[in-house]
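So our numbering is basically just the index in the sequence shown, starting at one, shifted up by 1494. See structure below.
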Amino acid sequence: MNHFRLDEREKKWLSKAEDLTDDFIRHTRHVLPVLARLCLVSTFFEDGCRMFQQWSDQVAFYQESWYIPPILGHLLVIHGVFGQIGSVCMILARKKIPWSVAVLGSVVLSQTILYRIFWEPKFLLRNVSIAGALIFLAAETFKEPESLFAGLPSGGDENNLRCMLMLVGRCCLALMYLTMIKFEFSLYRMLNLFISFGLMSCVIVGYRTRLMALVVAIFFFVINFYDNAWWTVPNDSNRFYRDFMKYDFFQALSVIGGLLLVIAYGPGGVSYDDFKKQW
1495 MNHFRLDERE
1505 KKWLSKAEDL
1515 TDDFIRHTRH
1525 VLPVLARLCL
1535 VSTFFEDGCR
1545 MFQQWSDQVA
1555 FYQESWYIPP
1565 ILGHLLVIHG
1575 VFGQIGSVCM
1585 ILARKKIPWS
1595 VAVLGSVVLS
1605 QTILYRIFWE
1615 PKFLLRNVSI
1625 AGALIFLAAE
1635 TFKEPESLFA
1645 GLPSGGDENN
1655 LRCMLMLVGR
1665 CCLALMYLTM
1675 IKFEFSLYRM
1685 LNLFISFGLM
1695 SCVIVGYRTR
1705 LMALVVAIFF
1715 FVINFYDNAW
1725 WTVPNDSNRF
1735 YRDFMKYDFF
1745 QALSVIGGLL
1755 LVIAYGPGGV
1765 SYDDFKKQW
């Protein structure tokens, strides 16, 4: 009996938490999608700015690594810089989003080849999972068609595609999140791992998705500012370490942006929450 009473209390607590989440979404419905997109594309904007600042170094790296003429090295840097910064500006302006997503995808693919990331499992997984951010941006362009009859669900291939993109995006988001966890044998790291794994599992399957995504976003936001405080590292003392922390910081912001989109639009049709409503 105590077990069932405990379950009832848990259900009431979760229902109250979901009500608070719904209130939060209603009050931020105009700001949340904009903030989500800003966080999602932040890693591309940062990488484009970094390449612009290190233009000559990037050209020299391409020349030495691939034995290419300087003009081709400059063209590759132009693709990386303006392809990312230009696409980010277009996405934030809500213009030509499919084309902008395609350009960003081409940058991710070219960098995977140029930096030989195929042989670095951790960074390969990150590049694969960063596709989750692009998938979320693509899924957002597919609006759920309104039903002719109020209260009835609407179908259609476009809606099904959007649902599948949201599912793939959630999986890639979780993969990116897990690749950023530092696996160290300390109480702090182990607690971080277990909490993250449990919450992200709920987001993947779509169980109380918006509530869990909000909790993960807040949790990861705090962890990100604690673990990846790149601004505290002097630029002259250890540039490589500072750049790596900055890279982690903005990739974490992309994860948070994806979570904010899940909060704003829900998990899509392929989720436990949706199946529960149908049955």
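Here a beta-carbon is modelled for each residue, glycine too, at the ideal position from N, C-alpha and C. Predicted model only: the values in this text are computed from it and were never measured.
Quick one: complete alpha helix (DSSP H) runs, 4+ long, within the stretch 1687-1751? Runs found: 1703-1721.
On the premise that residue 1664 lies in contact with residue 1528, defined as a C-beta separation below 8 Å, what is that separation, rounded to the nearest angstrom? Position 34 of the sequence shown, counting from 1, holds the residue named residue 1528. Position 170 of the sequence shown, counting from 1, holds the residue named residue 1664. Beta-carbon to beta-carbon, residue 1528 and residue 1664 are separated by about 21 Å, too far to satisfy the 8 Å threshold.
Go ahead and label residue 1525 buried or exposed: buried means 16 or more other beta carbons lie within 10 angstroms of its beta carbon, across all protein chains shown. As a working note, residue 1525 is residue 31 in the sequence shown. Flag for residue 1525 reads exposed.
Classify residue 1678 as helix, strand or coil using the three-state DSSP reduction. Translated into the one-based positions of the sequence shown, residue 1678 becomes position 184. Residue state, collapsed to three classes: coil.
Are residue 1627 and residue 1534 touching if we call contact CB-CB under 8 Å? Counting from 1 along the sequence shown, the entry for residue 1627 is found at position 133. Counting from 1 along the sequence shown, the entry for residue 1534 is found at position 40. If you check the CB distance, residue 1627 and residue 1534 come in under 8 Å.
Pull up the distance between the alpha-carbon of residue 1593 and that of residue 1606, whole angstroms please. Numbered from its first residue, the sequence shown carries residue 1593 at position 99. Numbered from its first residue, the sequence shown carries residue 1606 at position 112. Rounded to the nearest angstrom, the two C-alpha atoms are 20 Å apart.
Determine the DSSP secondary structure at residue 1671, reduced to helix, strand or coil. Translated into the one-based positions of the sequence shown, residue 1671 becomes position 177. Residue 1671: helix per DSSP, three-state reduction.
Run through DSSP, which three-state label would residue 1563 get? As a position in the sequence shown, residue 1563 is number 69, starting the count at 1. DSSP, read as helix, strand or coil, puts residue 1563 in coil.
Classify residue 1508 as buried or exposed, calling it buried when 16 or more other Cβ atoms lie within 10 Å of its own Cβ. For this step, residue 1508 is matched to residue 14 along the sequence shown. Its Cβ having fewer than 16 others within 10 Å, residue 1508 is exposed.
CA-to-CA distance, residue 1558 to residue 1746, given in whole angstroms: Position 252 of the sequence shown, counting from 1, holds the residue named residue 1746. Position 64 of the sequence shown, counting from 1, holds the residue named residue 1558. Residue 1746 and residue 1558: Cα-Cα distance of roughly 31 Å.
What is the DSSP secondary structure of residue 1615, reduced to helix, strand or coil? As a first step, residue 1615 is located in the sequence shown; it is residue number 121 there, counting from the start. Helix at residue 1615.
Would you check if the distance between the CB atom of residue 1717 and the CB atom of residue 1686 is smaller than 8 Å? For the purposes of this step, residue 1717 is taken as residue 223 along the sequence shown, with counting starting at 1. For the purposes of this step, residue 1686 is taken as residue 192 along the sequence shown, with counting starting at 1. Their beta carbons are under 8 Å apart, which means residue 1717 touches residue 1686 by this criterion.
Do residue 1538 and residue 1582 come within 8 Å of each other at the CB atom, strictly closer than that value? Residue numbering aside, residue 1582 sits at position 88 when the sequence shown is read from its first letter. Residue numbering aside, residue 1538 sits at position 44 when the sequence shown is read from its first letter. It is a contact, given that the beta carbons lie within the stated cut-off.
Ordered along the chain, which non-local residues of its own chain (more than five positions away) have a Cβ less than 7 Å from that of residue 1553? For the purposes of this step, residue 1553 is identified with residue 59 of the sequence shown, where counting begins at 1. Cβ within range, chain order: 1564, 1567, 1568, 1571.
Under the assumption that residue 1671 contacts residue 1706 (Cβ atoms under 8 Å), give the Cβ distance between them as a whole number of angstroms. The residue you call residue 1671 lines up with position 177 of the sequence shown. The residue you call residue 1706 lines up with position 212 of the sequence shown. Contact between residue 1671 and residue 1706 fails: their C-beta atoms lie close to 12 Å from each other, not under 8 Å.
Close beta carbons around residue 1623, own chain, < 7 Å, minus the five adjacent residues each side: Position 129 of the sequence shown holds residue 1623. Here the set comprises 1666, 1669, 1670, 1673.
Excluding the 5 residues flanking residue 1616 on each side, which residues of the same chain have their C-beta closer than 8 Å to its C-beta? Against the sequence shown, residue 1616 aligns to sequence position 122. Within the same chain, 1673 come within 8 Å of residue 1616 by CB-CB distance, once the 5 residues on both sides are set aside.
CA-to-CA distance, residue 1762 to residue 1768, given in whole angstroms: Sequence index remark: in the sequence shown, residue 1768 carries index 274 (1-based). Sequence index remark: in the sequence shown, residue 1762 carries index 268 (1-based). Distance between the alpha carbons of residue 1768 and residue 1762 is about 8 Å.
Measuring only the C-alpha atoms, how far is residue 1602 from residue 1595? In the sequence shown, the residue the question calls residue 1602 occupies position 108. In the sequence shown, the residue the question calls residue 1595 occupies position 101. The alpha-carbon separation between residue 1602 and residue 1595 amounts to approximately 11 Å.
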